[in-house]
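In what follows, a single structure is set out as structure tokens and then discussed.
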Amino acid sequence: FPSHDRIKTDKLNRDTKLTATQREKAGDTYITVFCDGALCHKTKAWGIAIWVRDGQKKPVSLATGGQGITKPNEVERKALEFARDYILANCNMNNRIVVIQGDCISELQRFKNTDTMLRGENTKVFFKHVKAHTGQDTRRSYVNSIVDEQARNQMRIYRAIIKGVNHEEPAD
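For the sequence shown, the working numbering assigns the number 58 to the initial residue and increments by one for each residue that follows.
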């Protein structure tokens with residue numbers, strides 16, 4: 058990828074600092090998205106989760122899972138597609154800025170370069186890499202840990218189903 062088009066990593070997961078005036082002016086301009094995936098290599102059970110804040114509305118957090126995916130990047134791609142599909146079905150895209158964040162930089166880059174469904178005349182889409190498991194005390198790290206845990210929980214549920222264990226009590 059050209060160096061000017063590469064997604065960069067902020068290892069400290071710094072939050073964007075907006076003044077009250079900037080935040081008020083931004084209003085409902087932004088759609089902020091976090092997504093993550095988890096895969097059990099042994100059973101091929103997988104889980105994905107998204108967290109979406111549409112402007113000033115209350116954030117929505119969704120997770121699902123399944124079985125049969127064999128590569129971690131495929132799971133991360135599925136999470137990005139799940140987020141994209143949610144946004145297209147539930148968010149007004151006119152004059153919006155969409156910020157998609159995830160912890161798999163290679164799949165974020167691939168998605169950025171190949172998926173054009175979110176791009177419109179009046180819509181800007183940005184991709185940000187979130188450094189996972191940093192222990193940083195930032196909102197970005199906090200939300201990333203939420204989607205990480207939800208994706209792992211879904212993977213555990215499907216892994217338990219595959220193993221024939223009561224799926225109410227996910228196997229470790």
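Cβ coordinates follow ideal geometry from the N, Cα and C atoms, glycine included.
Unbroken stretches of the alpha helix (DSSP H), 4 residues or longer, contained in the segment 148-196: 162-171
Can you grab the Cα-Cα spacing for the pair residue 95 / residue 129, in whole Å? Position 38 of the sequence shown, counted from the first residue, corresponds to residue 95. Position 72 of the sequence shown, counted from the first residue, corresponds to residue 129. Our two residues, residue 95 and residue 129, have alpha carbons roughly 7 Å apart in a direct line.
Specify, as a first and last residue, the run of the beta strand (DSSP E) that residue 222 falls within. Translated into positions along the sequence shown, residue 222 becomes position 165. From DSSP, residue 222 is part of no beta strand (DSSP E); its letter is neither H nor E.
Can you check which of these residues, 217, 88 and 167, is closest to residue 117 by C-alpha distance? Looking up residue 117 in the sequence shown gives position 60. Ranking the options by Cα distance to residue 117, first place goes to 88.
Using the Cα positions of residue 100 and residue 216, report the straight-line distance between them to the nearest angstrom. Within the sequence shown, numbered from 1, the residue matching residue 100 stands at position 43. Within the sequence shown, numbered from 1, the residue matching residue 216 stands at position 159. Cα to Cα, residue 100 sits roughly 6 Å from residue 216.
Following the continuous beta strand (DSSP E) through residue 107, name the residue where it begins and the one where it ends. The residue labelled residue 107 in the question sits at position 50 within the sequence shown. The continuous beta strand (DSSP E) containing residue 107 extends over residues 102-111.
Relative to the alpha-carbon of residue 172, which residue among 208, 195 and 135 has its alpha-carbon at the smallest distance? As a first step, residue 172 must be located in the sequence shown, where it is residue number 115. Nearest C-alpha to residue 172: 135.
If you follow the beta strand (DSSP E) that residue 121 is in, where does it begin and where does it stop? Counting from 1 along the sequence shown, the entry for residue 121 is found at position 64. From DSSP, the beta strand (DSSP E) with residue 121 extends over 117-124.
Around the C-beta of residue 183, are 16 or more other C-beta atoms found within 10 angstroms, so that it is buried, or is it exposed? Indexing the sequence shown from 1 puts residue 183 at position 126. Exposed.
When the Cα atoms are used, what is the spatial distance from residue 170 to residue 214? To locate residue 170, count along the sequence shown from 1; it is residue 113. To locate residue 214, count along the sequence shown from 1; it is residue 157. For residue 170 and residue 214, the distance between alpha carbons rounds to 33 Å.
Quick one: Cα of residue 209 to Cα of residue 219, how far? Translated into positions along the sequence shown, residue 209 becomes position 152. Translated into positions along the sequence shown, residue 219 becomes position 162. Taking C-alpha positions only, residue 209 is separated from residue 219 by approximately 15 Å.
Using only the alpha-carbon positions, how far apart do residue 199 and residue 167 sit? By 1-based counting over the sequence shown, the position of residue 199 is 142. By 1-based counting over the sequence shown, the position of residue 167 is 110. One C-alpha to the other measures close to 25 Å.
Considering only heavy atoms of the ligand FAD, does any lie closer than 6 Å to the CB of residue 90? With respect to the ligand FAD, the structure offers nothing, as it holds no ligand at all.
Host beta strand (DSSP E) of residue 89 (start-end): Against the sequence shown, residue 89 aligns to sequence position 32. Counting along the chain, the beta strand (DSSP E) containing residue 89 begins and ends at 87-96.
Quick one: grab the DSSP three-state call for residue 135. Looking up residue 135 in the sequence shown gives position 78. Reduced to three states, the DSSP call for residue 135 is helix.
On the premise that residue 90 lies in contact with residue 144, defined as a C-beta separation below 8 Å, what is that separation, rounded to the nearest angstrom? Taking the first residue of the sequence shown as position 1, residue 144 is located at position 87. Taking the first residue of the sequence shown as position 1, residue 90 is located at position 33. In this structure residue 144 touches residue 90 by the C-beta definition: roughly 7 Å separates them, less than 8 Å.
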